[in-house]
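> Take this structure first; my questions come after.
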Amino acid sequence: MTSQPFSDQPPRLAVWLVNLFTIPDDAEAIVGDLLEEFSHLASTSGVVFARRWYWRQALKTIVHLIYSAYRAAPWATSAGVAAGFLTRRLLWKLVEPTIFTVLDRYQIPEHHFSLYVFFASTGIDIGYLLVFLFVGCIAAFVAKEREMAAATTLSVIFTAMTGVAAVSWVATGHYWILWRLTWNFADSFAILIGGAIVRTHRSATRLSGSRLNT
Amino acid sequence: MGSRCGKRLNYAPAVYATLDRLETKGYVKSYRGEPTPERGGRSKRFFRVTAKGVAAVNRTRRALQSMAEGLGLIEGYS
Numbered sequence: 561m562t563s564q565p566f567s568d569q570p571p572r573l574a575v576w577l578v579n580l581f582t583i584p585d586d587a588e589a590i591v592g593d594l595l596e597e598f599s600h601l602a603s604t605s606g607v608v609f610a611r612r613w614y615w616r617q618a619l620k621t622i623v624h625l626i627y628s629a630y631r632a633a634p635w636a637t638s639a640g641v642a643a644g645f646l647t648r649r650l651l652w653k654l655v656e657p658t659i660f661t662v663l664d665r666y667q668i669p670e671h672h673f674s675l676y677v678f679f680a681s682t683g684i685d686i687g688y689l690l691v692f693l694f695v696g697c698i699a700a701f702v703a704k705e706r707e708m709a710a711a712t713t714l715s716v717i718f719t720a721m722t723g724v725a726a727v728s729w730v731a732t733g734h735y736w737i738l739w740r741l742t743w744n745f746a747d748s749f750a751i752l753i754g755g756a757i758v759r760t761h762r763s764a765t766r767l768s769g770s771r772l773n774t
Numbered sequence: 024m025g026s027r028c029g030k031r032l033n034y035a036p037a038v039y040a041t042l043d044r045l046e047t048k049g050y051v052k053s054y055r056g057e058p059t060p061e062r063g064g065r066s067k068r069f070f071r072v073t074a075k076g077v078a079a080v081n082r083t084r085r086a087l088q089s090m091a092e093g094l095g096l097i098e099g100y101s
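Protein sequence lines, in the order shown, are assigned to chains Z and E. Here the numbering used here is used: the first residue of the first sequence is 561, the next is one more, and so on. Here the numbering used here is used: the first residue of the second sequence is 24, the next is one more, and so on.
What follows is the structure, encoded as C-alpha cells:
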C-alpha cells in the first residue's frame, strides 16, 4: 500500500467523528465504504469536491447513527442518558461545598486571598465543567457501544435547557447573567468530550485485545 | 444496487441498518472480504441473499403484483 499525500485524504476530523459514533462491528465497513467512495470522487471530480462530499456524508452518517442507536439498542442508550442525568443531579450540589471545604481546610482565604478569589469564582465553574465531563463518561459507560449517542443526547438536552434559560433571562431583563452562557455551553460540550474519552479508551482496549489474539 | 436502481446510493449506514435487519430475519447473510488499499486497509462487507430471502422476495413481488393488478395499475390488467 502506498501512502497518499495529506491533501488526497478525507478530512481527518470527519473520519475521527464517524469512527467515534459508529459501533465497533460496523466501523470497518462504514468507514471503508466512505473512503472508497472518497477515492473514486477525488479521482473523478477533484479532491476539494470529494472532501466536501465526505463532510456532508460524515454529518449525515452521525445523525443516522444516533437515530439507529435508539432503534437498535433503545434500553442501553436510554439507560446511558438516565445515568448521566442522575450523576449530574447527585454531583451538582457537591461542587461548591467541596471547593469551600478544601479552601477552608488549607486556610487559603487567610494566606492566599487571590487564589481564594479565583477558586471561589472561576474554580467553581471549572468544578461544574469537570462534573459534566464525568457525566458524559458515565452516560457513555452505561450506554455500552452507543457511547456517543447517549452523550450527544444529554448534551443536546442541556444545550436546549441553556437556550430556554437564556430566553427567560432576556425576557426578565437579567442581561448581566448572559455571560454565563459561555460556561453553560462549555458544560454541554464537556459531556461530548466525556463520551469521546470513554469511546476512545474502549476502542483502544478492543484494538489491543484483537492484536493479542492474532 | 445503484446501477440497478438507476441512482447513486452512497449513504452507507442507512443501507447497513436495513441489511442488518434483513440478516437478523435470515433473509441475507454477510461476510467480510479482503482489506483493500482503496479502503485504507479496511475490509468490505458483502451480502448474499439466502433461500429464505429469495422466497420472501418472490412472495412480496407476487403480493405487490396482485395488488397492482387489482387496482388497475398495470397496463393490460385494467
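Don't be surprised by glycine CBs; every beta carbon is placed ideally from N, CA and C. Being a predicted model, the structure only gives us computed values, none of them experimental.
Which first and last residues belong to the beta strand (DSSP E) in which S66 of chain E is found?
From DSSP, S66 of chain E is part of no beta strand (DSSP E); its letter is neither H nor E.
> Could you say which of Z:S770, Z:I757, Z:W635, Z:F679 lies nearest to L577 of chain Z if we only look at CA atoms?
Minimum Cα distance to L577 of chain Z is reached at Z:I757.
> Tell me the DSSP secondary structure of K52 of chain E in three-state form.
Strand, per DSSP.
> Measure the Cβ-Cβ separation of V51 of chain E and G76 of chain E and say whether it is below 8 angstroms.
Contact: yes.
> Using C-beta distances below 6 angstroms, list every residue in its chain close to N744 of chain Z, excluding the 5 sequence neighbours before and after it, in chain order.
These residues qualify, in order along the chain: T722.
> Measuring CB to CB, does A680 of chain Z end up less than 8 angstroms from A629 of chain Z?
Result no, Cβ atoms of A680 of chain Z and A629 of chain Z do not sit closer than 8 angstroms.
> With H, G and I counted as helix, E and B as strand and the rest as coil, what does DSSP make of S101 of chain E?
Since pLDDT at S101 of chain E reaches only 49, below the 50 mark, its modelled position is unreliable, and the value read off the structure follows with that caveat. S101 of chain E falls in the coil class under three-state DSSP.
> Under the assumption that T647 of chain Z contacts V695 of chain Z (Cβ atoms under 8 angstroms), give the Cβ distance between them as a whole number of angstroms.
Indeed, because the Cβ distance is near 5 angstroms, the residues count as touching under 8 angstroms.
> Cβ of S605 of chain Z less than 8 angstroms from any chain E Cβ?
Chain E, which has no Cβ nearer than 8 angstroms to the Cβ of S605 of chain Z, makes this no.
> Kindly indicate if chain Z contains any beta-carbon less than 8 angstroms away from that of K52 of chain E.
So, not an interface residue.
> What's the gap between the Cα of I97 of chain E and the Cα of A642 of chain Z?
Cα to Cα, the separation comes out at about 52 angstroms.
> Looking at C-alpha atoms only, which residue of Z:D685, Z:A750, Z:V730 is the closest neighbour of E656 of chain Z?
Nearest option by C-alpha distance: Z:D685.
> Buried or exposed, going by whether 16 or more other CB atoms sit within 10 Å of the CB of R572 of chain Z?
Under this definition R572 of chain Z is an exposed residue.
> Comparing C-alpha positions only, which one of E:P36, E:G93, E:F70, E:G63 sits nearest to Q617 of chain Z?
Nearest C-alpha to Q617 of chain Z: E:P36.
> Helix, strand or coil, according to DSSP, for T59 of chain E in the structure here?
T59 of chain E falls in the strand class under three-state DSSP.
> For G64 of chain E, collect the residues of the same chain with a Cβ closer than 8 angstroms to its Cβ; drop the 5 residues on either side in sequence, then sort them by chain order.
So the list reads P58, once near-sequence residues are dropped.
> Using the C-alpha atoms, what's the distance from S66 of chain E back to A636 of chain Z?
If you take the alpha carbons of A636 of chain Z and S66 of chain E, they lie about 28 angstroms apart.
> May I ask you to list, following chain order, the residues of the region 53–69 of chain E that have a beta carbon less than 7 angstroms from some beta carbon of chain Z?
Those residues of the region 53–69 of chain E that come within reach of chain Z (Cβ to Cβ, closer than 7 angstroms) are P60, E61, R62, G63, G64, R65, S66, K67, R68.
> Mind pulling the chain Z residues with CB within less than 7 angstroms of A40 of chain E?
By Cβ distance, chain Z contributes S628.
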